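This report refers to the structure that appears directly beneath it.
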Amino acid sequence: MLVAPSILSADFGKLSEEIEAICEAGCDLVHVDVMDGHFVPNMTIGPVVVQSVAKTSTRPLDIHLMVENNDFFVDLFAPLKPEFISFHLESEKHPDRMIQKIRSLGIRPAIVLNPHTLPEETEFLLENLDMVLLMSVNPGFGGQKFIPSVLEKISRLKRLIQKLNPDCLIEVDGGVSDSNIRSLEEAGADIVVAGSYVFNHPEGYSQAIESLR
Ligand code: DX5
Ligand code: ZN
């Protein structure tokens, strides 16, 4: 299991130290939540801050856009050379075009599905995707309760992926902890995003990441 701590739960007063600490603790990716105050009822960070995250991080960035204007935000973040940029299917009129755009910028494209969106909605996009991110909370905030129906979605998506594009990864984001990691793994998740579980773990970041892995 690959682990991507979400820096939404980090202490932004000492962000560089936090990034160094999760990288030293052995995370696989650094998950960056970008919210515009329109698609979701919250706002986070833009390219100025993410640029310093990118400089400090020794791990690839996994940028999760929760925005209405994907085109604009992809252009803003592409120069930082993240590993993945994921955008919400619910916010994009032309998902296939957006996937092509992200790939043409040398970045691995991913699509995110909100809790209500059927995994089969990705069927005719899958062959061009490197990852599908399934939300296991409603996007916008860290520290929310895990929605268990994502487990069935993972299994259904896994079947489609095996048929259409076996290299495509499944990432799960929201409410991930040591209490649901086993079921996520059994259902077929490849990467988990974990914010509050990692950053609030009483035994520290290494222990948190290790326990998920
Ligand atoms: C929610 C974000 C998540 C969030 C996860 O909109 O996409 O990445 O930070 O936080 P936890 O792990 O606390 O649910
Ligand atoms: Zn996220």
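Numbering (our numbering), first residue to last: 64 to 276. No residue lacks a Cβ here, since even glycine has one placed at the ideal position from N, Cα and C. Bear in mind the structure is a predicted one, so any value in this text is a computation, not a measurement.
Beta-carbon separation (whole angstroms), residue i vs residue j, contact threshold 8 Å
i, j, result
"V213", "P178", "7 Å"
"P142", "L92", "About 19 Å separates the two Cβ atoms, so there is no contact after all."
"L128", "I148", "7 Å"
"P172", "D193", "6 Å"
"I63", "V116", "Outside the displayed range of the chain (64 to 276) lies residue 63, so it cannot be described from this structure."
Coarse secondary structure for residue i, derived from DSSP in three states
i, result
"V116", "helix"
"V66", "strand"
"S79", "helix"
"L189", "helix"
"A73", "coil"
"E234", "strand"
"F102", "coil"
"L152", "helix"
Start-to-end residues for the beta strand (DSSP E) that takes in residue i
i, result
"R276", "First-last for R276: undefined, no H or E at that position."
"I174", "R171 to L176"
"S242", "No beta strand (DSSP E) contains S242, which DSSP labels as neither H nor E."
"S167", "No beta strand (DSSP E) holds S167; the alpha helix (DSSP H) holding it covers P158 to S167."
Run of the alpha helix (DSSP H) containing residue i, from where it starts to where it stops
i, result
"V261", "S259 to F262"
(request) Quick one: residues with CB closer than 5 Å to any heavy atom of the ligand ZN, in chain order, please. (result) D96, H127 and D236
(request) Evaluate the contact criterion for the stretch 154 to 163 versus the stretch 204 to 220: three or more CB pairs, one atom per stretch, below 8 Å. (result) no
(message) Any contact between the stretch 224 to 231 and the stretch 255 to 270? By contact I mean 3 or more CB pairs, one from each, below 8 Å.
(response) no
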